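Novice: Residue numbers (this note's numbering), protein chains in the order written: chain A, 686 to 935; chain B, 213 to 1131. Note that the Cβ used here is the ideal one computed from N, Cα and C, for glycine as well. Note that the structure is predicted; figures quoted are calculated from it, not measured. Next up is a structure, given as structure tokens.
Here it is, written out as structure tokens:
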């Protein structure tokens, strides 16, 4: 009889565990489906508040294509960085930086993926969209409210080819599967917290217009606010080449 | 003894033995003046901190063991070449000053040249060996470019990690490129090329502002902050030296700041101008009283006991503390402001009774028994309110409590002893004085009391009655309040609600520089230095018990975002194991360097050099953009100076050094010029790099004297670590963040940032506790004095006035600071008098209620108006002090005293109407 009870409990636990894994993966796919776009063009204001309290406001235009595998950012303000561009290919594995003032193009080394993009609190790997279901394995933690919105909470562990973080905790809206908050951890603990808000519907898709990344270690913060977004037409392929970096893109 | 008996005895003593009544206080005053002459002026706010706070204890411990680090900072401003020349002249002279313990100007370049590579951490060490492997001009630039591309052009976190070192090396690069450009344009100068190499390999030797137009020499006086006189002497000695130097360097502006210098300027700011203001206030008070009493002598009589009380108080402070602080330095004005009330009430009553035809004995008995009682109650209430400050942890508040509480009691005693005698002596009928005593009295009263013999007999009424001390308009105003209580109280409620709201919305002034005297160069420099250097000019400190502990602390502090730099003795004493590990590598490096130098002669072309210089420009620009977005302003400003990039617009100034060098390299340069330059560079760079690769261990005795003096104690043990904020910290969130970040590493850290927070929190806490206790004591005293709850009405003008004071502070844009917060207990002490006197007189009057109001407020209202005006003049004079903190204290009390008076005349009658329900 004891054997029967133990076996039943064990089987039940195994079933629940497997179900949790399945639910985690399922939720992650839903998030990926909701957030991943084939191509996009947007204009963004970026406000960087450094740990010493200094503020820098930058404006940029961004293009992405091939499900986010390639992307280009061109700074439009302030004058100091106007015309500088960052090209990311292969999901952020290849990064080129073009500096208009010196008309010089540099390829950044592989380790740069983990570095901050132009002093912001977003790293290059945060900015590259990637495929979440390929980059992470997910485990369902439970359900929690974030600012009165019922969210699913997942524990994401990067796959071998995934980002450099130890793990992520992600809260996504149960209704539309859009991420509302992400915590980034390394082996020492919480590194950064991303809060997504200002959800709007553009061309039939829901998208967060505001991203605030708080660096929990350094006390700095970067807020990115989309001014315009469109998914209507795919950007031309030539703009995502190193050779095109010194050319104007409309 | 009943109060009547006491009054009779005092009146008789004053009439029968006035000389005795004046002689005893005179002798005590003389002793007090002698004692007071030894009082030290400790005008630094840090002297007022709670002595038992652990951070304050640490701070004092650092001061005692290590002295006053950065007590004097000399700032030289002008063209780069000129300030360097002046610094080379000035630094040795400053070292020779007897009052100076240490002078940090030129960095110990020779020590760096002999030991540079060992001081690097393993990663930096490897990079340095790699980038220094070719000592030629081209090799050096290539090495630097490779290093920048590998480490900095794509990594903001690496930039942040090495920010201080990068900024320092960039200054060296700046200087080096300037010399290179000069040498390529003109004939090479071998000495200059050596300077260029030294600047490149060792860095800029002086502490320069980011625009290279200001240079700092930091001096540590022998005296610590705890030894005020010695510290001030060092500031004076420095100024004497600088006054001799200034004419020789007309194009350089020499400024001085630091704790010692600011302390000296603070003292001077409380000097002549303050005395002038106090005299002006005294003259105004005198004229007001003279006009009011219609007598030139009475104001002197009113003020003389107050001066005596003030001298006694100074004597008391000398015995208790031996010094005056920022708070107690204002005590004379506070006491005169308070004490004049006592005098005026007594004199007014005496005059009134004399005018009513009473004999001087009877007038004096009534004055002492009746008004004297109210004055005593008012005085004791004030004293009790001040004495509640003794519960304060803050030293400044505690000392102010002793000074104000003790001072009021002493002033009260002085008034009771001296004033009756002076009033009697003044009466032409009573006293015959002769000899020295008469001369003294005449002298003290400027001849207004002559003490001539008359035929007037003791106790007989005066023939020519004095004017009655009445101001009917005040009586009418009070009656108006009585007649329309709801109107007056309605307006009062609105104002009080506003004031309560304002109380919560007044900001705190955490920027202590805003409290300093305006227009002082030393204060302006304190604000300017952090902006121009990208670092604060002062540090927080922690004492490490060993070099290794200091090394560990440095690494931890460096990680804190608001920490701009950390200076530790471990910077110059690498771990033995590390040097042992480096030794074989360094030996091998030296051998390879020698081989390369001997076997691989320099060959350089203009084109190759241009490529490397352009590459350097690209790299620097990339780094500056990254630093710009990351807020690493020190790096941005220095690089932008080199590349000529306008920081905000991105436009390039073509006259800057890199564009100029590129222009030169694109022009025709004679091959011999280039060859000579290259050869001179290579030789000196080889020498420098070879020396820097010295593998020998460093002992503490090998360190230059300046470094030892900066980090080693003058007495006791330990090593001082200096934690320098990234910027000037001027508001609470910044102060809190810096304090939180540094204390997260160690609780033992101390510095002015923490002290400012402690100051505010302790004064606020002390103030709240004391105010509560003071109100309690005041309530008890008025309950006893008025023998019942009727006395609570005396609190109405006080509460309304104090709240309105806060409302007015909000309206004029005042912020709370550690000095004007003291105005709260002071107004509690001063404001209560008005209510007590008004109520006391109201109760004495007889007849219809409205008539009682009119009469009592006509008489006592006049005295209250007079006392309020004199007190307001006193505090108003403080409002014009150059020291903003003190001025805000004066402004607050000026408004507070005025508000209490208005509340007494307008609000109290309205409340009396509602309470008494009489018509």
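With a CB to CB cut of under 6 Å and the five nearest residues on each side skipped, what residues in its chain are close to residue 323 (chain B)?
Specialist: Along the second chain, read from residue 1 onward, the residue named residue 323 (chain B) stands at position 111. Within the same chain, residue 323 (chain B) has close Cβ partners 916.
Novice: In three-state DSSP terms, what is residue 919 (chain A)?
Specialist: Position 234 of the first chain, counted from the start, is the residue given in the question as residue 919 (chain A). It is coil, neither helix nor strand.
Novice: Can you give me the Cβ contacts of residue 593 (chain B) inside the same chain, cut-off strictly under 6 Å, excluding the 5 residues immediately before and after it?
Specialist: Taking the first residue of the second chain as 1, we reach residue 593 (chain B) at position 381. Counting only Cβ-Cβ distances below 6 Å, and skipping sequence neighbours, we find 990, 993, 1044.
Novice: Measure the C-alpha to C-alpha separation of residue 1109 (chain B) and residue 505 (chain B) and round it to an integer number of angstroms.
Specialist: Walking along the second chain from the start, residue 1109 (chain B) turns up at place 897. Walking along the second chain from the start, residue 505 (chain B) turns up at place 293. Spanning the two alpha carbons is a distance of roughly 21 Å.
Novice: Please decide whether residue 837 (chain B) counts as near chain A, where near means a Cβ-Cβ distance under 9 Å.
Specialist: Reading the second chain from its first residue, position 625 is the one you call residue 837 (chain B). At least one chain A Cβ lies under 9 Å of residue 837 (chain B).
Novice: Check whether the Cβ of residue 834 (chain B) lies closer than 9 Å to any Cβ atom in chain A.
Specialist: As a first step, residue 834 (chain B) is located in the second chain; it is residue number 622 there, counting from the start. Judged by the 9 Å Cβ criterion, residue 834 (chain B) is in contact with chain A.
Novice: If contact means a Cβ-Cβ distance below 7 Å, which residues of the segment 913-944 of chain B contact chain A?
Specialist: So the close ones are 938, 939.
Novice: Does the segment 760-776 of chain B come into contact with the segment 925-934 of chain B, if we say contact requires no fewer than three beta-carbon pairs (one atom in each stretch) closer than 8 Å?
Specialist: The segment 925-934 of chain B and the segment 760-776 of chain B touch, with three or more beta-carbon pairs separated by less than 8 Å.
Novice: Taking residue 1029 (chain B) and residue 824 (chain B) to be in contact with their CB atoms under 8 Å, please state how far apart those CB atoms are, rounded to whole angstroms.
Specialist: For the purposes of this step, residue 1029 (chain B) is identified with residue 817 of the second chain, where counting begins at 1. For the purposes of this step, residue 824 (chain B) is identified with residue 612 of the second chain, where counting begins at 1. 56 Å between Cβ atoms; not a contact.
Novice: Whole angstroms is fine: what's the gap from residue 908 (chain B)'s alpha carbon to residue 866 (chain B)'s?
Specialist: Sequence index remark: in the second chain, residue 908 (chain B) carries index 696 (1-based). Sequence index remark: in the second chain, residue 866 (chain B) carries index 654 (1-based). Approximately 46 Å, taken between the alpha carbons.
Novice: At 9 Å on the CB atoms, spell out the chain B contacts of residue 801 (chain A), in chain order.
Specialist: Counting from 1 along the first chain, the entry for residue 801 (chain A) is found at position 116. Chain-order list of chain B residues neighbouring residue 801 (chain A): 367, 368, 369, 838, 841, 842, by C-beta distance under 9 Å.
Novice: Roughly how many angstroms lie between the CA atoms of residue 1125 (chain B) and residue 1115 (chain B), to the nearest whole one?
Specialist: Within the second chain, numbered from 1, the residue matching residue 1125 (chain B) stands at position 913. Within the second chain, numbered from 1, the residue matching residue 1115 (chain B) stands at position 903. Roughly 15 Å separates the two Cα atoms.
Novice: Out of B:358, B:248, B:546, which has the shortest C-alpha to C-alpha gap to residue 1083 (chain B)?
Specialist: Mapped onto the second chain, residue 1083 (chain B) falls at position 871. Checked all of B:358, B:248, B:546; the closest Cα to residue 1083 (chain B) is B:546.
Novice: Quick one: grab the DSSP three-state call for residue 316 (chain B).
Specialist: In the second chain, counting from the first residue as 1, residue 316 (chain B) sits at position 104. Note: residue 316 (chain B) maps to strand in three-state DSSP.
Novice: Can you list the residues of chain A that residue 946 (chain B) reaches, using a CB-CB cut of under 9 Å?
Specialist: Along the second chain, read from residue 1 onward, the residue named residue 946 (chain B) stands at position 734. Result: 737, 738.
Novice: Give me whichever residues DSSP pairs with residue 720 (chain B) in a beta bridge.
Specialist: Against the second chain, residue 720 (chain B) aligns to sequence position 508. Per DSSP, B:1028.
Novice: Using a Cβ cut-off of 9 Å (strictly closer), state whether residue 830 (chain B) contacts chain A.
Specialist: The residue labelled residue 830 (chain B) in the question sits at position 618 within the second chain. At least one chain A Cβ lies under 9 Å of residue 830 (chain B).
Novice: In chain A, what lies closer than 8 Å to residue 1164 (chain B) by C-beta?
Specialist: The question about residue 1164 (chain B) has no answer, for chain B in this structure spans 213 to 1131.
Novice: Mind checking the segment 769-781 of chain B against chain A and listing, in chain order, the residues whose C-beta falls within less than 7 Å of any C-beta there?
Specialist: 773, 774
Novice: Would DSSP call residue 643 (chain B) helix, strand or coil?
Specialist: As a position in the second chain, residue 643 (chain B) is number 431, starting the count at 1. Confidence at residue 643 (chain B) is low in this model, with a pLDDT of 44, below 50, so its placement is unreliable and no value can be given for it.
Novice: Counting only beta-carbon atoms, is residue 845 (chain B) nearer than 9 Å to chain A?
Specialist: Reading the second chain from its first residue, position 633 is the one you call residue 845 (chain B). Judged by the 9 Å Cβ criterion, residue 845 (chain B) is in contact with chain A.
Novice: Within 9 Å of any Cβ in chain B, is that where the Cβ of residue 797 (chain A) sits?
Specialist: Here residue 797 (chain A) refers to the residue found at position 112 when the first chain is read from its first residue. For residue 797 (chain A), the closest Cβ of chain B is nearer than 9 Å.
Novice: Please name the residue or residues paired with residue 576 (chain B) in a DSSP beta bridge.
Specialist: Numbered from its first residue, the second chain carries residue 576 (chain B) at position 364. Residue 576 (chain B) pairs with nothing; no bridge assigned.
Novice: What residues in the segment 857-871 of chain B bring their beta carbon closer than 9 Å to a beta carbon of chain A?
Specialist: The segment 857-871 of chain B vs chain A, Cβ under 9 Å: 857, 858, 859, 860, 861, 862, 863, 864.
Novice: Give the interface partners of residue 805 (chain A) over in chain B, defined as CB-CB distance under 8 Å, in chain order.
Specialist: As a working mapping, residue 805 (chain A) is identified with position 120 in the first chain. In chain order: 841.
Novice: Taking the alpha-carbon positions, what's the residue 463 (chain B) to residue 738 (chain B) distance?
Specialist: Walking along the second chain from the start, residue 463 (chain B) turns up at place 251. Walking along the second chain from the start, residue 738 (chain B) turns up at place 526. Cα to Cα, the separation comes out at about 22 Å.
Novice: Please state whether DSSP places residue 420 (chain B) in a helix, a strand or coil.
Specialist: Translated into positions along the second chain, residue 420 (chain B) becomes position 208. In the structure shown, residue 420 (chain B) sits in a strand (DSSP, three-state: E or B).
Novice: Closer than 7 Å by beta-carbon distance: list the chain B residues that pair up with residue 793 (chain A), in chain order.
Specialist: Stepping through the first chain from its first residue, residue 793 (chain A) is reached at position 108. The contacting residues are 366.
Novice: Using the C-alpha atoms, what's the distance from residue 912 (chain A) back to residue 774 (chain A)?
Specialist: Here residue 774 (chain A) corresponds to residue number 89 of the first chain, with the count starting at 1. Here residue 912 (chain A) corresponds to residue number 227 of the first chain, with the count starting at 1. Rounded to whole angstroms, residue 774 (chain A) to residue 912 (chain A) spans 24 Å at the Cα level.
Novice: Report all residues from its chain with a CB closer than 8 Å to the CB of residue 446 (chain B); omit the five preceding and five following residues, and keep chain order.
Specialist: Against the second chain, residue 446 (chain B) aligns to sequence position 234. Contacts found: 283, 284, 309, 311, 312, 431, 433, 434, 435, 472.
Novice: Within the 9 Å Cβ cut-off, does residue 404 (chain B) reach chain A?
Specialist: As a first step, residue 404 (chain B) is located in the second chain; it is residue number 192 there, counting from the start. Not closer than 9 Å to any Cβ of chain A, the Cβ of residue 404 (chain B) fails to qualify, so no.
Novice: Go through its chain and collect everything with a Cβ distance to residue 260 (chain B)'s Cβ below 8 Å, but skip five positions before and after it.
Specialist: Sequence index remark: in the second chain, residue 260 (chain B) carries index 48 (1-based). 537, 538, 539, 606, 607, 608, 609, 611, 971, 1030.
Novice: Pull up the CB-CB distance for residue 345 (chain B) and residue 1095 (chain B), whole angstroms please, since I reckon it's below 8 Å.
Specialist: Numbered from 1 along the second chain, position 133 holds the residue referred to as residue 345 (chain B). Numbered from 1 along the second chain, position 883 holds the residue referred to as residue 1095 (chain B). Not quite, the Cβ-Cβ distance comes to about 59 Å (not below 8 Å), so this is no contact.
Novice: If contacts are defined as beta-carbon pairs under 8 Å, then residue 723 (chain B) and residue 943 (chain B) qualify, I think. What distance do you get, rounded to the angstrom?
Specialist: Counting from one through the second chain, the residue named residue 723 (chain B) turns up at place 511. Counting from one through the second chain, the residue named residue 943 (chain B) turns up at place 731. The pair is a contact, with the Cβ atoms about 7 Å apart (cut-off 8 Å).
Novice: Can at least three beta-carbon pairs, one atom from the segment 956-964 of chain B and one from the segment 561-579 of chain B, be found at a separation below 8 Å?
Specialist: no
Novice: Are any of the Cβ atoms in chain A nearer than 9 Å to that of residue 949 (chain B)?
Specialist: Counting from 1 along the second chain, the entry for residue 949 (chain B) is found at position 737. Closer than 9 Å to some Cβ of chain A, the Cβ of residue 949 (chain B) qualifies, so yes.
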